[in-house]
Amino acid sequence: MTTRTVLHHYRAIWLSDIHLGSRDCQASYLLSFLRSMKTDTLFLVGDVIDLWALKKRSYWPESHQAVLHELAKLSKNGTRVIYIPGNHDEDLRAFTQLPLLGLELHLQYDYTTHQGKKLLLVHGDQFDAAVKCGPLTTWFGDRAYDFLLWLNRKTNQQRRNFGFSYFSLASYLKQKSRKAAQAIARFEQAAIHEAKRRGYDGIVCGHIHVPRLRHEDGIIYMNDGDWVESCTALVEQRNGDLELLHWSDQTQQLAELPINHQAA
Numbered sequence: 001m002t003t004r005t006v007l008h009h010y011r012a013i014w015l016s017d018i019h020l021g022s023r024d025c026q027a028s029y030l031l032s033f034l035r036s037m038k039t040d041t042l043f044l045v046g047d048v049i050d051l052w053a054l055k056k057r058s059y060w061p062e063s064h065q066a067v068l069h070e071l072a073k074l075s076k077n078g079t080r081v082i083y084i085p086g087n088h089d090e091d092l093r094a095f096t097q098l099p100l101l102g103l104e105l106h107l108q109y110d111y112t113t114h115q116g117k118k119l120l121l122v123h124g125d126q127f128d129a130a131v132k133c134g135p136l137t138t139w140f141g142d143r144a145y146d147f148l149l150w151l152n153r154k155t156n157q158q159r160r161n162f163g164f165s166y167f168s169l170a171s172y173l174k175q176k177s178r179k180a181a182q183a184i185a186r187f188e189q190a191a192i193h194e195a196k197r198r199g200y201d202g203i204v205c206g207h208i209h210v211p212r213l214r215h216e217d218g219i220i221y222m223n224d225g226d227w228v229e230s231c232t233a234l235v236e237q238r239n240g241d242l243e244l245l246h247w248s249d250q251t252q253q254l255a256e257l258p259i260n261h262q263a264a
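1 is the number of the first residue of the sequence shown in UniProt numbering; add one for each residue after it.
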């Protein structure tokens, strides 16, 4: 039996883009995170199960089943678990409002923070139109990204063999790409515009595998990242502070938004 040592108790946690069923899922790091925390509400902001990958190739190791078991256990033990399906698990969108292993399914969700900020929670694939290029460019981009994830996986296998900690080569190379940076900026602007248009104080999404926590144009933009490249989670502390955490061999805080922070 796995011993559960709770290190942190949060008001809310947001996770997305776990991609269970994909060889690139960092399930062991996620299990470590889930077993070290307690939260009132856990939000799963899409692409938890990678049905696209499973349709191509059957891959479901014990660690992936353990993640599902851990999520179900959290729900059984009193954590409210809200699941907003993404594009890779979009088949589940037909079952919203129905319980699934004790999880609530929603197309989107409104959340109010401890300090009264109203947040819109969506996966983020609805903003694809703001960043997509032509079909041929998209096709080449998809295959380049698949290769990047393969390279990321092989690199970290070698790093573990030599005793080095996890390093997201995929995230590093994306940061160095001008075209990737432009696409990410367009996505973020589309999300910020949507939150502002609909009268929210902020937006939480995933989808693009780029963790971020910042204020812009009076809106709090939050992307909780992923568990393929970044291994990140967005959390709300008991006092209302929002933090973006990186969780692998060495846990670190990537960004913080204190409750007394005022938007420009």
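No residue lacks a Cβ here, since even glycine has one placed at the ideal position from N, Cα and C.
Keep in mind the model is a prediction, meaning the values are calculated, not measured.
The C-beta distance from Y10 to V235 rounds to 5 Å, short enough to meet the 8 Å contact threshold. Around the CB of E62, fewer than 16 other CB atoms lie within 10 Å, so the residue is classed as exposed. Cβ atoms of V131 and A183 come within 8 Å of each other, at about 4 Å. In the three-state reduction of the DSSP assignment, D17 falls in the coil class. In the assembly as shown, T112 is an exposed residue. Its beta-carbon has fewer than 16 other beta-carbons within 10 Å.
The closest CA to that of Y200, considering only R214, Y221, L213, is found on Y221. In the structure shown, the three-state DSSP call for L44 is strand.
One alpha carbon belongs to R80, the other to L42, and they sit about 6 Å apart. Close CB contacts of R198 within its chain, under the 8 Å cut and outside five residues either way in sequence, are with L120 (chain order).
Annotated three-state conformation of I203 is strand, per DSSP.
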